[in-house]
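To start, the structure under review is shown below, and the notes come after it.
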Amino acid sequence: MPLVEIQNLQLDLTVEAGRVRVLDGVDLSIEQGTVHALVGESGSGKSLTAMSLARLLPEGFAQRAGGRVLVDGRDVFALDAGALRQVRGGIVSYVFQEPATALNPVMRVGDQILESLRLHQPDRATRAEVEAWLRRVGIPAPEVRARQYPQELSGGMQQRVMIAMALAPRPRLLVADEPTTALDVTIQAQILDLLMDLRRELGMTILLITHNLGVVAEIADDLSVMYAGQVVETGPAATVMTDPAHPYTKALLASVPRLGAGNQLLATIPGAVPPAGRPPTGCRFHPRCPVAASPCGVEVPIPRSMGGGRVVRCPFAVVGAVAGKGAA
Amino acid sequence: MNLLEVEELKVHFPVRPDWRGRPTAHVRAVDGLNLSIRKGETVGLVGESGCGKSTLGRAIVRLETPTQGSVRFEGRDLATLQGAELRRARRRLQMVFQDPFGSLDPRWTIEEIVEEGLRLHEPTLTQATRRERVAALLRDVGLDPSLAARYPHEFSGGQRQRIGIARALAVEPSLIVCDEVVSALDVSVQAQVVNLLAELQRSRGVAFLFIAHDLAVVEHLSERILVMYLGRVVEAGTARQICRTPQHPYTQALISAVPSLDRNAAPMQRIRLQGEVPSPLAPPTGCPFHPRCPMAREQCRVEVPRLRVLGDGREAACHLLG
Ligand SMILES: Nc1ncnc2c1ncn2[C@@H]1O[C@H](COP(=O)(O)OP(=O)(O)OP(=O)(O)O)[C@@H](O)[C@H]1O
Ligand SMILES: Nc1ncnc2c1ncn2[C@@H]1O[C@H](COP(=O)(O)OP(=O)(O)OP(=O)(O)O)[C@@H](O)[C@H]1O
Ligand code: SF4
Ligand SMILES: [Mg+2]
Ligand SMILES: [Mg+2]
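Chains as they are written, first to last, in this note's numbering: chain C, 1 to 328; chain P, 1001 to 1322.
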């Protein structure tokens, strides 16, 4: 059984203009012990999908309009407050892009980790355990660092503290939402190595949200691609990246500049992402799709299984047609 | 003659004032840097956050006053120019910034934003000619001229970046400093703007100093690349030399840290740097990279390596090279 199973999730947000549907039929299944990457352009709904896993969005602001979210077999939207608290931190933990805004500026970092332990693992809430975590995430002189405030640490160190805080309660699933986007590449490499080490050591499952397809290629087992509030393609990362089936996935991969490729022109996707809650009719990608045909503007494509774990939301998608292209 | 000639440039910022307001320390943001750009050439500038890229860019367009050294543009030292001559030089030297939101005045229409430079530098143009010029510029950067009466907030990030580029192009510069202009954009939009810049290079013969932390983007646009570390150039060469056969230990680590999209491509030997970028308030002695360098030896701790020309024409500052 997958650790996470999102089925046809529909989510509305109440914004100035009224109620808008920002997720419209999201399916996502995360297997135990895997690194599952979620990619897609800004505004496609990656963070909202991730926050739905622990129902982190305020009730008045976000309403589930349909579908289910199962985490470790539990229907998250049916849980009472107590059970939900157990899920948050105990089963699902989060690391966000900006450690500076996620950490409390007036609390020593050691105390923040201790707090997180008290909440979920009271019997392990000790200074020694805090220092052990700081050491584990690669922070030298943990007894000194534990007494410092977040702003006294560099961005890379702050992210390590965030990771320690998220992992100290020993969650089953770590949701890392753009954890390295604000960091330099050399520091990004350190943080990704750390996540992979910890995953091996603790047998964790990771949902990694990123816009960096290079990061996906390096560490993800599975990959889901979002577009305008829907998952348009999902499957094993290696095969999706070398043999993308959905036209959007293809276009996205082609537009990424590759190091060592010299300076030829990049492929581009014409037009822009539709505004939230106002998607085009039919297939949401059809106005920008290079292979759109007449049904695309009217018929909403339904997710179609193509074998090998691949599910694609496009009736014209084929796999294997361009086998080996990615390796060229 | 080179279009731009930066010699031994230093930009130090006074910080930590004492009770009398006198600085007690200096951030050595740019610390003895040389750079030249030929007419029509695109030079890329890469390096980690805080290494001084923006400060160098700002010093070139004189938004920052050099502490030492000189910036010669089209043969003249900008510090010696005044009045009309300075305005003329300024016109030929433009800068486009990372944040398309912060750098466009929200109360101005796109037309007003793009034509501002024209008003300033070519005050004799009639309104009709100005209109035409603005429309042509908007078309050049891939925007529909019928949108000229709209305000910046009505545009997406990528469109705003195009507006910033159109504004810079309006006054026919010979050099544009682009500071992280595509960093905040989604990949598909980033590809559109990168292609636009490549097209402008070809069609207009404008030179660019392209500052970015994304090495792949820089490689796509640049003929030459400079790698900066703590206010200095540690390696400079053709885009090919820097990206495919980096020689300086720092460049090697930087290139090997870029996650590769092609799983099948033979991975370069991975070098993982320990530790963090040191503070430019207290740069290390000797080679500024030595505390993180996997190859460092005793000499590196005491002696500053000079930038030397290597056999293949590139330059590197490392005791083990040259
Ligand atoms: N607080 C909010 N108020 C209004 N709209 C919101 C809010 N949060 C998200 N949205 C809208 O919901 C949609 C999905 O947002 P989400 O944050 O999940 O996107 P994302 O894929 O994580 O994007 P990014 O890559 O920029 O982080 C967006 O179009 C966004 O405009
Ligand atoms: N006005 C200023 N006063 C004091 N210090 C400054 C000032 N401007 C920049 N600095 C410092 O100078 C150093 C270089 O900054 P700069 O902005 O040039 O770096 P950068 O390479 O552009 O970094 P990034 O990639 O983060 O944009 C940094 O340590 C920065 O904090
Ligand atoms: S001079 Fe020494 S410390 Fe600096 S890069 Fe070369 S080997 Fe490393
Ligand atoms: Mg997000
Ligand atoms: Mg900068």
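The beta-carbon is built from N, C-alpha and C at its ideal position, and this holds for glycine as well.
Spatial neighbours of residue i within its chain, please: C-beta separation below 6 Å, excluding the five flanking residues on both sides.
i: Ala-317/C; result: Ala-245, His-246
i: Val-161/C; result: Val-109
i: Arg-118/C; result: Ala-125
i: His-1121/P; result: Arg-1091, Val-1171
i: Phe-1155/P; result: none
i: Leu-1281/P; result: Ala-1025, Val-1027
i: Gln-1247/P; result: Ala-1316, Leu-1321
If I measure Cβ to Cβ from residue i and keep anything under 8 Å in the same chain, skipping five residues before and after, which residues do I get?
i: Val-1064/P; result: Sequence check: residue 1064/P is Glu here, not Val. Cβ within range, chain order: Val-1011, Thr-1055, Arg-1058.
i: Gln-356/C; result: Because chain C here runs from 1 to 328, residue 356/C falls outside it and cannot be looked at.
i: Leu-84/C; result: Ala-54, Arg-55, Val-76
i: Gln-1201/P; result: Gly-1040, Thr-1042, Phe-1208, Leu-1221
i: Ala-1184/P; result: Gln-1098, Asp-1099, Pro-1100, Gly-1157
i: Pro-1173/P; result: Arg-1091, Arg-1092, Leu-1093, Gln-1094, Val-1206
i: Glu-143/C; result: Glu-131
For residue i, count neighbouring C-beta atoms within 10 Å of its own C-beta (all shown protein chains included) and say buried if the count is 16 or more, exposed if not.
i: Lys-325/C; result: Confidence at Lys-325/C is low in this model, with a pLDDT of 42, below 50, so its placement is unreliable and the value that follows should be read with caution. Exposed is the call here.
i: Leu-1033/P; result: buried
i: Trp-1019/P; result: exposed
i: Phe-1325/P; result: With chain P covering 1001 to 1322 only, the question about residue 1325/P has no answer from this structure.
i: Glu-299/C; result: exposed
i: Phe-1208/P; result: buried
i: Phe-61/C; result: exposed
i: Glu-16/C; result: exposed
i: Val-1325/P; result: The shown model of chain P, from 1001 to 1322, leaves out residue 1325/P, and the question about it has no answer.
i: Asp-1077/P; result: exposed
i: Ala-37/C; result: buried
i: His-211/C; result: buried
i: Gln-1068/P; result: exposed
i: Gly-271/C; result: exposed
i: Val-291/C; result: exposed
i: Asp-1105/P; result: exposed
i: Thr-949/P; result: The shown model of chain P, from 1001 to 1322, leaves out residue 949/P, and the question about it has no answer.
i: Ala-327/C; result: In this prediction, Ala-327/C scores a pLDDT of 37, lower than 50, which makes its location untrustworthy; the coordinate-derived value is nonetheless stated afterwards. Under this definition Ala-327/C is an exposed residue.
i: Ser-1146/P; result: exposed
i: Met-1/C; result: exposed
For the alpha helix (DSSP H) holding residue i, just list the boundary residues, first then last.
i: Leu-1273/P; result: From DSSP, Leu-1273/P is part of no alpha helix (DSSP H); its letter is neither H nor E.
i: Leu-134/C; result: 127 to 136
i: Ile-302/C; result: Segment: none, Ile-302/C is in no alpha helix (DSSP H) and carries neither H nor E.
i: Ile-113/C; result: 109 to 120
i: Gly-1164/P; result: 1157 to 1169
i: Arg-1058/P; result: 1053 to 1060
i: Val-1302/P; result: 1298 to 1302
i: Val-216/C; result: 213 to 219
i: Ile-1255/P; result: 1249 to 1257
i: Thr-205/C; result: Element bounds for Thr-205/C: not the alpha helix (DSSP H) but the beta strand (DSSP E), 205 to 209.
i: Leu-252/C; result: 247 to 254
i: Ala-385/C; result: Nothing in the structure corresponds to residue 385/C, since chain C is present only between 1 and 328.
Between which two residues does the beta strand (DSSP E) harbouring residue i extend?
i: Met-1228/P; result: 1224 to 1229
i: Arg-1240/P; result: Where Arg-1240/P is concerned, there is no enclosing beta strand (DSSP E), although the alpha helix (DSSP H) it sits in stretches over 1239 to 1244.
i: Gly-235/C; result: 230 to 236
i: Tyr-227/C; result: 222 to 227
i: Ile-1176/P; result: 1175 to 1179
i: Leu-1003/P; result: From DSSP, Leu-1003/P is part of no beta strand (DSSP E); its letter is neither H nor E.
i: Val-312/C; result: 310 to 312
Report all residues from its chain with a CB closer than 7 Å to the CB of residue i; omit the five preceding and five following residues, and keep chain order.
i: Arg-147/C; result: Arg-108, Gly-110
i: Ser-1103/P; result: Phe-1097, Gly-1164
i: Ala-323/C; result: Because the pLDDT of Ala-323/C is 46, which lies under 50, any placement of that residue in the model is unreliable, and the question is left without a value.
i: Met-196/C; result: Ile-219
i: Leu-134/C; result: Pro-142, Arg-145, Ala-146, Ala-164
Hey, which residues come within less than 7 Å of ligand 7, measuring from Cβ to any heavy atom, in chain order?
Ligands present in the displayed structure are limited to ligand 1, ligand 2, ligand 3, ligand 4 and ligand 5, and ligand 7 is not among them.
Please give me, in chain order, every unbroken run of the beta strand (DSSP E) with length at least 3 that falls completely inside the stretch 1186 to 1215 of chain P.
1207 to 1211
Could you list the residues in the stretch 239 to 266 of chain C with a C-beta less than 9 Å from some C-beta on chain A, going in chain order?
Included in the structure are the protein chains C and P, with no chain A among them.
Listed in chain order, which residues are found with a beta carbon closer than 5 Å to a heavy atom of ligand 3?
Pro-1249/P, Cys-1287/P, Phe-1289/P, His-1290/P, Cys-1293/P, Met-1295/P, Ala-1296/P, Cys-1300/P, Pro-1305/P, Cys-1318/P, His-1319/P, Leu-1320/P
Which runs of the beta strand (DSSP E) spanning at least 3 residues fall entirely within the stretch 12 to 94 of chain C, listed in chain order?
18 to 30, 35 to 39, 62 to 71
What are the complete alpha helix (DSSP H) segments, minimum 4 residues, inside the stretch 1083 to 1144 of chain P?
Taking only runs of at least 4 residues, the alpha helix (DSSP H) segments lying wholly in the stretch 1083 to 1144 of chain P are 1083 to 1092, 1110 to 1121, 1127 to 1140.
Could you tell me which uninterrupted beta strand (DSSP E) segments, each at least 3 residues in length, are contained entirely in the stretch 125 to 201 of chain C, listed from first to last along the chain?
173 to 177
My parser needs the beta strand (DSSP E) runs of 3 or more residues fully inside the stretch 1008 to 1081 of chain P; what are they?
1023 to 1037, 1042 to 1046, 1068 to 1073
Considering only heavy atoms of ligand 2, list every residue whose Cβ is less than 5 Å from one of them, following chain order.
Phe-1013/P, Val-1027/P, Ala-1029/P, Ser-1049/P, Gly-1050/P, Cys-1051/P, Gly-1052/P, Lys-1053/P, Ser-1054/P, Thr-1055/P, Pro-1280/P
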